[in-house]
Amino acid sequence: MNRRVFTFALGLVLTGPLHAHRLSVEWQVEGDVLILQGRTDGAPTAGADVELRDSAGTVIASGLMDTAGRFRWPLAGVTRDVVVVINAGPGHRRTLTLAAADLRPTANPPAGTALANTSLSNEPGPAASQLRGGSDGTEPLATRVVLGLTFLLAAAAARISYRNNQRLAELERRWKNHESRG
Numbered sequence: 380m381n382r383r384v385f386t387f388a389l390g391l392v393l394t395g396p397l398h399a400h401r402l403s404v405e406w407q408v409e410g411d412v413l414i415l416q417g418r419t420d421g422a423p424t425a426g427a428d429v430e431l432r433d434s435a436g437t438v439i440a441s442g443l444m445d446t447a448g449r450f451r452w453p454l455a456g457v458t459r460d461v462v463v464v465i466n467a468g469p470g471h472r473r474t475l476t477l478a479a480a481d482l483r484p485t486a487n488p489p490a491g492t493a494l495a496n497t498s499l500s501n502e503p504g505p506a507a508s509q510l511r512g513g514s515d516g517t518e519p520l521a522t523r524v525v526l527g528l529t530f531l532l533a534a535a536a537a538r539i540s541y542r543n544n545q546r547l548a549e550l551e552r553r554w555k556n557h558e559s560r561g
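Right, dumping it as structure tokens:
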């Protein structure tokens, strides 16, 4: 019983840090420029690879995020959806699909409403007419529940398999002892 409690507690302790270790991406259309900003553990994703593709999968732009974790791309002539892929290292990859309609702002932003140096802001203000969005890597609740149950089922199957292998080995050992006795 103590072993089960220890295993459960260990699982809780080890899964906590994994949740906080995500790549979050925010985007904003400012005038005719798409601005992406990435963060991992609250720090900018400086040097992360950025790739923009059209809906057919053709790479239309690529580059690296700057030291502030930002990437800017002019939207001139965009008529199709854009798929943004940001790769900030192993386990830190985010894919966003931005609809062509979202990439055409309804109004040009007033002068001086550039992105703040620290992060994208969702507060209303002069730049409220700008389009913005983001992805923090959190899946919908149903997806998390299904993934969690799948993990638990796999762990239970592994445990059952291990115990069955132990039982089979014990039976084989007994059978050999029985045969040797004649």
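Under my numbering, the first residue of the sequence shown carries the number 380, and numbering increases by one thereafter. Using N, Cα and C, we set each Cβ at its ideal position, and we do this for glycine too.
- Counterpart residues of D433 in DSSP-defined beta bridges: Against the sequence shown, residue 433 aligns to sequence position 54. Answer by DSSP bridge pairing, in chain order: V461.
- Message: Using a Cβ-Cβ cutoff of less than 6 angstroms, which residues in the same chain neighbour A447 once the five nearest sequence positions on both sides are dropped?
- Response: Here residue 447 is taken as the residue at index 68 of the sequence shown, counted from 1. These residues qualify, in order along the chain: P423.
- Just the C-alpha distance for R432 and Y541, rounded to the nearest angstrom, thanks. On the sequence shown, residue 432 is found 53 positions in, with the first residue counted as 1. On the sequence shown, residue 541 is found 162 positions in, with the first residue counted as 1. One C-alpha to the other measures close to 46 angstroms.
- How many Å lie between T476 and L550 at the Cα? As a working mapping, residue 476 is identified with position 97 in the sequence shown. As a working mapping, residue 550 is identified with position 171 in the sequence shown. Computed Cα separation, rounded: 56 angstroms.
- Task: Please report how far the alpha carbon of I539 lies from the alpha carbon of D481, in whole angstroms.
- Result: For the purposes of this step, residue 539 is identified with residue 160 of the sequence shown, where counting begins at 1. For the purposes of this step, residue 481 is identified with residue 102 of the sequence shown, where counting begins at 1. Taking the straight line joining both Cα atoms gives about 51 angstroms.
- What's the call for K555, buried or exposed, on a 16-neighbour Cβ count within 10 Å? Along the sequence shown, one-based indexing puts residue 555 at 176. Exposed.
- Cβ pair A479, R451 closer than 9 angstroms: What you label residue 479 is simply residue 100 of the sequence shown in a count that begins at 1. What you label residue 451 is simply residue 72 of the sequence shown in a count that begins at 1. Cβ distance not < 9 angstroms, so A479 and R451 don't count as in contact.
- Assumed close pair G421, V404 - CB separation to whole angstroms, cut-off 8 angstroms: Your numbering for residue 421 matches position 42 in the sequence shown. Your numbering for residue 404 matches position 25 in the sequence shown. Not a contact, Cβ separation roughly 14 angstroms.
- So the beta strand (DSSP E) L402 belongs to, where does it begin and stop? Translated into the one-based positions of the sequence shown, residue 402 becomes position 23. Looking at the DSSP string, the run of the beta strand (DSSP E) that includes L402 is 402-409.
- Query: What is the DSSP secondary structure of L413, reduced to helix, strand or coil?
  - Reply: The residue you call residue 413 lines up with position 34 of the sequence shown. Three-state DSSP puts L413 in a strand.
- Item | CA nearest to the CA of W406, picked from G436, F530, V464, R383 | Sequence index remark: in the sequence shown, residue 406 carries index 27 (1-based). If we check each option's Cα against that of W406, V464 comes out closest.
- Residue burial classification, E409 (beta-carbon count within 10 angstroms, cutoff 16): Here residue 409 refers to the residue found at position 30 when the sequence shown is read from its first residue. Looking at its Cβ environment, which holds 16 or more other Cβ atoms inside 10 Å, E409 is buried.
- Are the beta-carbon atoms of I439 and V412 separated by less than 9 angstroms? Position 60 of the sequence shown, counting from 1, holds the residue named residue 439. Position 33 of the sequence shown, counting from 1, holds the residue named residue 412. Taking 9 angstroms as the Cβ cut-off, I439 and V412 do not qualify as a contacting pair.
- Item | Range of the contiguous beta strand (DSSP E) that encloses R451 | The residue you call residue 451 lines up with position 72 of the sequence shown. That run of the beta strand (DSSP E) goes 449-453.
- How many angstroms separate the CA atom of T474 from the CA atom of N543? As a position in the sequence shown, residue 474 is number 95, starting the count at 1. As a position in the sequence shown, residue 543 is number 164, starting the count at 1. Cα to Cα, T474 sits roughly 42 angstroms from N543.
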